[in-house]
Structures are given as structure tokens and as C-alpha cells.
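Enquirer: The opening residue of the sequence shown carries number 20 in our numbering; numbering runs sequentially from there.
Take a look at this one; I'll ask things after.
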Amino acid sequence: MVHPWHDISPGDQNPEIVNGVIEIKRGSRAKYEVDKEYGILKLDRVLYSSFYYPANYGFIPQSYCGDQDPLDILVLSQVELEPLCLVKAKVIGVMRMLDSGEEDDKIIAVAANDMSVNHINDISELPPHFTLELKHFFEDYKKLENKTVVIEEFQN
């Protein structure tokens with residue numbers, strides 16, 4: 020069995036276009052993550068708040084962030100991408116974030132094979148309200164767990 024974190028390449032056009040493994044589809048309240056040992060999806064929790072993920076959420080294989088987990092990626096697309104879907108993602112920026120004091124940046128990307136978004140080349144091309152939605156979601160979705168998330172900035 021192929022392990023989605025260890026056995027899949029981050030992509031041969033990395034860092035401009037990367038492979039993303041989706042764990043959570045846009046609109047979900049379920050927080051799934053790939054089990055590090057078994058390589059299958061496990062339910063981490065159902066979000067404590069009434070929030071829904073504003074974008075398809077996953078990770079870049081064979082990568083690490085400051086929290087010792089794979090580097091997170093938000094993949095914008097006109098469709099919800101199914102969990103464990105492998106998607107070519109064009110990187111357009113990063114959301115610098117601290118989760119309970121630990122670095123937990125989110126790569127912002129667009130689905131390279133989705134004509135409705137693949138013309139976007141830079142995070143500054145996103146509607147300003149969408150970046151506000153991302154900021155609001157990540158700053159507030161853990162409040163009922165008594166955890167603090169700080170969005171430091173969006174970068175290209």
C-alpha cells in the first residue's frame with residue numbers, strides 16, 4: 020500500500036506546482052488527517068464550532084512545517100475535492116500562522132487542472148473578501164477548544 024505522506028513525491032515542478040493530498044473537502048466540519056503510521060484517513064475530531072472548511076485542505080507529501088506535521092495546503096477549486104485525492108496545485112502564496120504558539124503555515128494554491136482558478140498566479144489576485152474568510156475561519160475555529168490561532172500575514 021502506498022503511504023500518501025512518505026511514498027508520494029512533492030512533485031517534479033516543486034515549489035511552483037506541487038502535489039497536494041486532500042484530507043478535508045471544502046464545506047466539511049470533519050477534521051480528518053492521514054494517520055502517520057498506517058497512511059489511511061482518521062477522524063481527528065468534528066469541529067467544535069459551527070464553521071466549515073472554506074477550501075479543500077490537505078498536505079504536501081514529504082514535507083514538514085514547524086509543528087512537525089506535513090506542510091498544510093489549501094487548494095482552491097470550483098469543486099469539492101474528495102479526501103485522499105492527489106491534486107496538482109499551483110502555489111500562489113502562504114498564510115503565515117501560529118497555532119498555540121507553534122508555526123503552522125498554510126500554503127495557498129489553486130488546482131492546476133481547474134480552468135476556473137488556474138489563471139490565478141498570485142495571492143493578491145484573490146478577492147479580498149476570500150482572504151478575510153480564510154483569516155476568520157482559522158482564527159476562530161478553535162476558540163471553543165480554548166486554543167489560540169494567530170494569522171500573522173498573507174504572502175505571495
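Just so you know, even glycine gets a beta-carbon here, dropped at the ideal spot from N, CA and C.
This one's a predicted model, so the numbers in the text were calculated from it and none came from an experiment.
(1) Whose C-alpha, out of Tyr160, Val94, Val129 and Ala131, is nearest the C-alpha of aspartate 118?
(2) Between the alpha carbons of proline 73 and asparagine 137, how many angstroms are there, rounded?
(3) With distances taken Cα to Cα, identify the nearest neighbour of valine 94 among Gly46, His148 and Leu163.
(4) Using only alpha-carbon positions, find the residue among Glu35, Ser69, Asp31 and Ile92 that is nearest to alanine 49.
(5) With distances taken Cα to Cα, identify the nearest neighbour of isoleucine 7 among Asp141, Glu101 and Glu56.
(6) Do cysteine 104 and isoleucine 59 have their beta-carbon atoms positioned less than 9 Å apart in this structure?
(7) When DSSP labels each residue in this structure, what does isoleucine 111 get in the three-state scheme?
(8) Valine 65 to asparagine 175, Cα distance in whole Å?
(9) Please report the Cβ distance between isoleucine 126 and isoleucine 79, rounded to the nearest whole angstrom; I am assuming they are in contact, meaning their Cβ atoms lie under 8 Å.
(10) Would a C-beta distance cut-off of 9 Å place glycine 77 and glutamate 122 closer than the cut-off?
(11) With distances taken Cα to Cα, identify the nearest neighbour of serine 143 among Val129, Asp133, Phe156 and His155.
(12) I need the straight-line Cα distance from aspartate 91 to methionine 20, nearest angstrom please.
(13) Figure out for me which residue from Ser82, Asn33, Ala108 and Asn75 has the closest Cα to the Cα of leucine 100.
Expert: On the basis of the supplied data:
(1) Tyr160
(2) 18 Å
(3) Gly46
(4) Ser69
(5) No statement about residue 7 is possible, as the shown extent of the chain runs from 20 to 175 and does not include it.
(6) Cβ atoms of isoleucine 59 and cysteine 104: not closer than 9 Å.
(7) strand
(8) 31 Å
(9) Indeed they touch by this definition, with Cβ atoms about 7 Å apart.
(10) no
(11) Val129
(12) For the pair aspartate 91 and methionine 20, the Cα-to-Cα distance works out to about 23 Å.
(13) Looking at the Cα atoms, Asn75 is the closest of the given residues.
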